[in-house]
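Asker: To start, I am sharing the structure in question, which I have written as structure tokens.
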Amino acid sequence: MGAVLAFSLLLAGGSRSKACTNIIVTRGASADNSNIVSYAADSHVLYGELYYHPAALWKPGTMLDVVDWDSYRPLGSIPQVSRTYKTVGNMNEYQLIIGETTWGGRRELMDRKGIMDYGSLIYITLQRAKTAREAIETIVALANEYGYASSGESFSIADKNEAWVMDLVGKGPDEKGINYVAIRIPDGYICSHANQVRIQTFPQNDPENCIYAPGMIDFARKHGWFSGEDKDFDFSAAFGPVSFSGARGCDARAWSAFNILTGGEFTYEKDGKMVTEPASAYYDYITGKNLNHRLPLFVKPSKKITVKNVADAMRDHYEGTPLDMTTDIGAGGNALPYRWRPMGFEKDGWNYVNERAIATQQTGFWFVAQARHDLPDVVGGIIWFGTDDAATSYITPIYSNTNEVPECFKVGNGSMLEYSKTSSFWINNRVANDCYKAYNIMAPTVREAIDKFENDQMFSKVAEMDAKALAAYNSILPKAEKKGLDSKDWFAPVKKMLTDYSVNTAQRQFWNWVELEEMITVKFIDGNVKAQEEDGSFKHSRYNDGTPAGITNPGYTDKWKEAVIKDHGDVIRVR
């Protein structure tokens, strides 16, 4: 959420400088024939919790209050529709998923009088639309009727059949509505966006795969942002031109997601031909040296992608690339892949910028959601949900037809200014901040625990739950069809099964994480590493159970040693 707007703002690094990352994987590119959307809601002021709205019927004349997601500022009210759908987080009961990243764009296109901010567009649309195409229509209708109150935005929109990427921006204070382009991602491809406009030119005569605002090109021409032929119109150039910060702080994350999920080769269609380029071909672009060689909007991976692959891509710090945040002196003596804000600094008349990776310390919540084509909606939708820094937090499965949110994720269980012992956000912050002290020593222990839990759930436990729920669904379906599907909630028993599984799994893992935090506190206290037995218990002396045995001191990285020697070697050298 939010955007890195310019290099000067990178240096300022205020609390309003926020940024998110999305990855979209289409059915044909996924290992289980599901459309996948990942999202990290990154903000220094956003608290990690799981929003929930039950399905509801509304009386005529009911009004819906609209509140800005970022600031909680009341924006106005709009008429409520007669029926709204159940939503859990950024997914609804019909397997519709919506994620976002903000790119800002031209400031003069902001409409301070608008009622619909980008967060409200997401969560209201999830309550009103069943499919990705319906979601696009709903977003456009809401923004055009009530005015759009935010800056430029990219949406990831997917259902069980299709996946779309949508760029949109307002029309300014004198004209309601949005300019937008939505493109369907070809099956078998993946897309990623991270606070920079991704859509440039687009097919203007293919309504099946591209939807855009009528009059948008004339609008840009009238304002002097475009002067060519219609066929050459570039949405990004007109409304969100790429800058150094847009490439380095934003598109570099999309590049990294592509690099990880394709194995380093970008295959895409250009001028009717398939092109394959190494990821390194875009290095000058993502470092801000050449802004002309833009990333392709989507690429075709050579291997099928699992939900675990996507989750791990969301944990990236550019490891193994020239931007690797663990290898320069900024990582300190323990290869810490984080740089505290501000993102840049000035020294001796020169400006410098730290990398902004996919995984970041200021994540409020994150998810990897699956719309699973091969399962009925009652069972199919699943949002793997987590809180805080993705690199040191787990994601747990929450079925989108759950009737309850786990206590550890509930709205109101703590806040950014109120610690809660039962909150997932706070225990994940404790684990993350523990690791920040000695990252290369402590984080592997946490990552091992993450992998054990996620692999067990993703490749075993969820499949078992799917089978049980599907069997129950199929046993109920004939009677429900005979009596009329809408006559009552026939699948309530199935939803209860899914609710119990979602809640119990999340709560068990929360308490496992409380124990993990206690264990790493004991294991790594004071820069020491205590040895453990195979069962996880600590090794102790033969004479006293409370006295550790086998303590080690890993020390510091060679990069750090070299820097210290250069800075202070004459004083500390042993003679």
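Under numbering that gives the first Met the number 0, the final residue of the sequence shown carries the number 574; numbering is consecutive throughout.
All C-beta atoms, glycine included, are put in the ideal place defined by N, C-alpha and C.
(1) Look up Trp254 in the DSSP assignment and give the residues it is bridged to.
(2) On the three-state DSSP scale, how would you describe Trp512?
(3) Output the boundary residues of the beta strand (DSSP E) element that contains Ala599.
(4) Would you say the region 35 to 53 touches the region 167 to 174, given that touching needs at least three Cβ pairs under 8 Å?
(5) I want to see whether chain D comes within less than 9 Å of Trp365, judged by CB atoms only; does it?
(6) Helix, strand or coil for Glu276, going by three-state DSSP, please let me know.
(7) Is it buried or exposed, Val3, if we count other Cβ atoms within 10 angstroms and call 16 or more buried?
(8) By Cβ distance, which residues of its chain are closer than 7 Å to Val563, with the 5 residues on each side in sequence left out?
(9) Mind listing, in chain order, the continuous alpha helix (DSSP H) runs of no fewer than 4 residues lying wholly within the region 87 to 162?
(10) Between the beta-carbon of Val65 and the beta-carbon of Met115, is there less than 9 Å?
(11) Out of Phe218, Ala462, Lys460, Val493, state which residue places its alpha-carbon closest to the alpha-carbon of Leu476.
(12) Buried or exposed, going by whether 16 or more other CB atoms sit within 10 Å of the CB of Pro443?
(13) Return the residue from the list Ala479, Thr200, Cys209 that minimises the CA-CA distance to Pro240.
(14) Which residues share a DSSP beta bridge with Trp349?
(15) Taking all protein chains shown into account, do 16 or more other C-beta atoms lie within 10 angstroms of the C-beta of Asn427, making it buried, or fewer, making it exposed?
(16) Rounded to the nearest angstrom, what separates Gly104 and Ile198 at their Cα positions?
(17) Leaving out five residues on either side along the sequence, give the residues of the same chain with a beta carbon under 6 Å from the beta carbon of Phe6.
(18) Going by the beta-carbon positions, is the gap between Val24 and Leu260 smaller than 9 Å?
(19) Can you tell me where the beta strand (DSSP E) holding Tyr38 begins and where it ends?
(20) On a Cα-Cα basis, can you pick out the residue from Asn527, Asn543, Met518 that is closest to Asp534?
(21) Would you list the residues sitting across from Phe265 in a DSSP beta bridge?
(22) Check whether the Cβ atoms of Asn91 and Ala148 sit closer than 9 Å, and answer yes or no.
(23) Measuring alpha carbon to alpha carbon, tell me which residue in Leu141, Ala40, Tyr267 is nearest Met313.
(24) From the DSSP secondary-structure annotation, give me the bridge partner or partners of Ser164.
(25) Run through DSSP, which three-state label would His567 get?
(26) Tell me where the alpha helix (DSSP H) around Leu469 begins and ends.
(27) If you count every other CB in all the chains shown that lies within 10 Å of the CB of Trp425, and 16 or more means buried, which is it?
(28) Run through the DSSP bridge pairs and tell me what Arg82 is partnered with.
(29) I'd like the list of long-range same chain contacts for Arg338, defined as Cβ closer than 8 Å, with 5 residues on each side in sequence excluded.
(30) Verify whether the separation of the beta carbon atoms of Ser150 and Trp224 is less than 9 Å.
(31) Could you tell me whether the Cβ atoms of Tyr38 and Gly98 are closer together than 9 Å?
(32) Terminal residues of the continuous beta strand (DSSP E) containing Met62?
(33) Name the one or two DSSP bridge partners that Gly169 has.
(34) Given a cut-off of 9 Å, decide if Gly379 and Ala370 are closer than it, judged by their beta-carbon atoms.
(35) If you draw a straight line from the alpha carbon of Ser536 to that of Asp433, how long is it in whole angstroms?
(36) Would you say Met258 and Ala280 are within 9 Å of each other, going by their C-beta atoms?
Answerer: With the structure as the only source:
(1) Beta-bridge pairing links Trp254 to no other residue.
(2) helix
(3) Residue 599 is absent from the structure shown; the chain starts at 0 and stops at 574.
(4) no
(5) The chain inventory of the structure shown lacks chain D, comprising one protein chain alone.
(6) strand
(7) Confidence at Val3 is low in this model, with a pLDDT of 36, below 50, so its placement is unreliable and no value can be given for it.
(8) none
(9) 117 to 127, 131 to 145
(10) yes
(11) Val493
(12) exposed
(13) Thr200
(14) Lys346
(15) buried
(16) 13 Å
(17) Unreliable placement is indicated for Phe6, whose pLDDT of 41 sits below 50; the coordinate value is still reported in the next sentence. So the list reads Phe243, Ser244, once near-sequence residues are dropped.
(18) yes
(19) 33 to 41
(20) Met518
(21) Glu276
(22) no
(23) Ala40
(24) First, the residue type needs correcting, since residue 164 is Val and not Ser in the sequence shown. DSSP, once it has assigned bridges, lists Ser155, Ile182 as partnering Val164.
(25) helix
(26) 461 to 482
(27) buried
(28) Leu56
(29) Met324, Gly329, Asn353, Glu354
(30) no
(31) yes
(32) 62 to 66
(33) Ile177
(34) yes
(35) 20 Å
(36) One detail in the question is off: residue 258 reads as Asn in this sequence, not Met. Going by C-beta atoms, Asn258 is not nearer than 9 Å to Ala280.
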